[in-house]
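Line by line, the protein sequences are chains A and B.
Under our numbering, think of the first position of the first sequence as 1, with each following residue one higher.
Under our numbering, think of the first position of the second sequence as 1001, with each following residue one higher.
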Amino acid sequence: MVPPEPPPGGKERIYEIRGLRFHHGTQFRLAVDELHLDAGEKLAIVGPNGSGKTTLLRILAFLERPAAAARFRYRGRDVPSRVAPPRRGLAFLRQQPCIFSGSTAQNVAYPLRLRRLPAVEIRPRVAAMLAVMDLEARAQTPARSLSGGEQRRLALARVLIGDPAVILLDEPTAHLDKRSREIVEQILAGSAAALLLTTHDLRLAHRLAQRVVHLDGGRVVARLPENVLAGQAAGDRLTTARGMTLLLGEAVPAGPLKVAIDPRNLVLSTAPLDSSMRNRLRGRVVALHERGSGILLEIDCGETLTAVITRESYRQMGLNLHSEVHVSFKAQAVEVLTDVRVAGSDPPPDRAEKP
Amino acid sequence: MRFLLESFHEALRLIAALDRDLLAALLTTLRVSLTSTAIGALLSLPAAFLLARHEFTGKRAVLILLRTALAFPTVAVGLFVYAFIARSAPLGSLRLLFTPGAIIIGQVLLIVPLMTALAHAALQEKIRDVFEEAVLLGASPAAASWKTVIEARLAILTALATGLGRVISEVGVSLILGGNIRGLTRTITTAISLETSAGHFAQAFALGLVLTTLVLLLNLAIHATGGRHGSS
């Protein structure tokens, strides 16, 4: 029940995965070359729908067996391929958790009842957990009659009450109302457990997690396609560790800040542009990749930025490796990832949640 | 029409007077059909659970067979069992023929496929979700199975009640295997067929009324439980 103390000299390694493959019938689903999670660490897996996020979580929760894995260890032990491995201390909040019949309190008490704890011990723990989730008033309500957001909070409460050392969460805030999202995020941010969450919300990933991994088409993508930059903010400016300065769309409180710029929003030109775009940088092309119907360029402007342009533009501009280019983008195109709600304004609605 | 009304009147009088033969048939019916349903439930619920829980080759074939068995004519089941327990048959030495035990064997065979198919449908819907959630919350396979049954209890209850309804009202098995022996194996349905062929329409009517009331009460009971707890 209590997570074991990390061994001296390092944190306990919760998951250690190498060369993992998963197929559904003959259909390729997932390939993970390397993935690890340490005790107390928060890792986010970002990817579009159908990228294999849920499949990966189901494998990590031992609900699916990988077709092959060079190494698949959970808390220092190889995960056996046949018999069910011990899942002590492991919790998995599915995107659509099953709410049992009975009251809210009965649902939350279930994991403790499974451990045959006495009722006098269960009652106060359930009450405390419901208070944290702002569900006290709903304690005796039939759980299935709760609203969608309340049911998700209930499911999170039911997962947390067992004091897990590792929590896997599948899109924990997707389709949640603002109030529920805030509660869930606050609780996850304050949790001491190792968290591995999937999301398609880049902002959430960077607010909550220390590491962000991208999953696309069933493969872990090493480099983020978004230009994620960290630095110190002051007013409406962000200065990165390597001295590049960006203009932001709005003033933010001074301090460390993470931002993202969609590669499609970078405008490339061979000469400086006279335009309303306030961010104007100069750099050199350091790498070129074909990406679908476009060309992906990595440009060193102090920090390496990634831009995507069409093949047509690429031909017209006559760009090559080492070509000098001017990079322009609007201050509004710089998306602030770290939480700046203290500045007073609400964050814009999540892009991915729009229909 | 007058004849019908007179028979009906006489039937009500027999019921009101608690006619001994009528009571005996009612008791036999209840005893036999409740036993059959209980034994059938013990066999079909675990079977339904295993079917819902596990994937195996031939599962589709099993399900198709079960559904086919839903439509088995009761007389065919009766005949089938008769072939095994008749005096000169392999199990003839057990002297089961024309006993309540024989009826129960036939009725169990009749309703196990029915109850298995219905309970399987109910569990199939829940099993992935409930079983998986329970396991994720720390339940052992046994505890997770129990939770699944609890969550599917109304549908399972309906499956059991459907089985009970089928054995209460069947006549083929009871007639062939029970032999319609007064006071021993005479159930309401076999009594009706006997009284009708003997021309005792009032008795037949009275029995029919009792049987109809019984089935009606059973359905009201299911409906009441379902209505209180929702459709889940």
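Where a beta carbon is used, it is the ideal one built from N, C-alpha and C, also for glycine.
Between residue i and residue j, what straight-line distance do the alpha-carbon atoms span, to the nearest angstrom?
i       : j       : result
A:T104  : A:R113  : 14 Å
A:G40   : B:G1058 : 46 Å
B:I1085 : B:R1095 : 7 Å
A:N227  : A:L305  : 6 Å
B:W1146 : A:P124  : 26 Å
B:L1005 : B:L1194 : 21 Å
A:I370  : A:L63   : The requested residue 370 of chain A is not part of the displayed model; chain A covers only 1 to 355.
A:G10   : A:D38   : 9 Å
A:L117  : A:P111  : 10 Å
B:R1013 : B:H1200 : 14 Å
A:S276  : A:K330  : 8 Å
A:V132  : A:L195  : 19 Å
B:T1196 : B:A1155 : 37 Å
A:G294  : A:K178  : 36 Å
B:P1141 : B:I1150 : 14 Å
A:R87   : B:H1054 : 21 Å
B:P1046 : A:L135  : 38 Å
B:V1108 : B:F1080 : 13 Å
A:T141  : B:I1222 : 25 Å
B:S1033 : A:Y74   : 53 Å
A:Q316  : A:Q27   : 40 Å
Where DSSP assigns a beta bridge to residue i, which residues make up the other side?
i       : result
A:Q232  : A:T239 and A:P256
A:P142  : A:S103
A:D134  : None; A:D134 has no bridge partner.
A:D300  : A:R284 and A:T304
A:Y357  : Since the displayed chain A opens at 1 and closes at 355, residue 357 of chain A lies outside it and no answer follows.
B:A1134 : Its beta-bridge partners do not exist; DSSP assigns none.
A:V213  : A:I45
A:S269  : A:H326
Output yes or no for whether 7 Å exceeds the beta carbon distance between residue i and residue j.
i       : j       : result
A:V46   : A:L202  : yes
B:F1072 : B:F1205 : no
A:A192  : A:K42   : no
A:G218  : A:G25   : no
B:S1174 : B:T1190 : yes
A:G149  : A:A70   : no
A:V252  : A:A44   : no
A:I122  : A:F72   : no
A:V267  : A:S328  : yes
B:T1074 : B:E1170 : yes
A:T55   : A:L30   : yes
A:A333  : A:I261  : yes
A:G138  : A:S180  : Note that residue 138 of chain A corresponds to Arg in the displayed sequence, not to Gly. In this structure, A:S180 does not lie closer than 7 Å to A:R138 by Cβ.
B:I1188 : B:L1211 : yes
A:A155  : A:P97   : yes
A:T338  : A:L229  : no
B:G1078 : B:G1101 : no
B:T1035 : B:I1104 : yes
Return the chain-ordered list of same chain residues with a C-beta closer than 6 Å to the C-beta of residue i, the five sequence neighbours on each side being excluded.
i       : result
B:V1112 : G1040, L1043 and S1044
B:A1052 : H1120, L1123, Q1124 and I1127
B:L1018 : none
A:T239  : G231, Q232 and T245
A:A168  : Before going on, a small fix: residue 168 of chain A reads as Leu here, not Ala. Answer for A:L168: L57, L60, A61, F92 and L196, listed in chain order.
A:Q151  : I99
A:Y314  : I295
Can you round the beta-carbon distance between residue i and residue j to whole angstroms, since I take them to be within the 8 Å contact cut?
i       : j       : result
A:H200  : A:N49   : 7 Å
A:R284  : A:H322  : 6 Å
B:R1020 : B:L1110 : Not a contact, Cβ separation roughly 29 Å.
A:D170  : A:R94   : 5 Å
A:V259  : A:L246  : 7 Å
A:V363  : A:D33   : The structure shown does not extend to residue 363 of chain A, since chain A is modelled only from 1 through 355, so no value can be given for it.
A:R282  : A:E324  : 7 Å
B:R1067 : B:A1117 : 6 Å
A:L57   : A:F92   : 7 Å
A:E382  : A:T173  : With chain A covering 1 to 355 only, the question about residue 382 of chain A has no answer from this structure.
B:L1070 : B:L1114 : 5 Å
What residues in its chain sit with their C-beta under 8 Å from that of residue i, if we drop five residues either side in the sequence?
i       : result
B:L1097 : Y1082, I1085, A1086, R1087, L1177 and G1179
A:M129  : V108, A157, L160 and I161
A:R242  : G302 and E303
B:L1218 : A1161, L1164, G1165 and I1168
A:A68   : G19, L20 and R21
For residue i, collect the residues of the same chain with a Cβ closer than 7 Å to its Cβ; drop the 5 residues on either side in sequence, then sort them by chain order.
i       : result
B:A1011 : A1202, F1205, A1206 and L1209
B:A1144 : F1131, A1134 and V1135
A:A234  : A254
B:A1089 : A1083
A:G344  : Interpretation of A:G344 is limited by its pLDDT of 36, a score under 50 that renders its predicted location unreliable; the figure taken from the coordinates is listed afterwards. Result list for A:G344: empty, nothing under 7 Å.
B:G1092 : I1085 and A1086
Would you say residue i touches the ligand ADP, meaning its beta carbon is less than 6 Å from a heavy atom?
i      : result
A:R282 : Judged by which ligands are present, the structure shown has none, so any question about the ligand ADP falls away.
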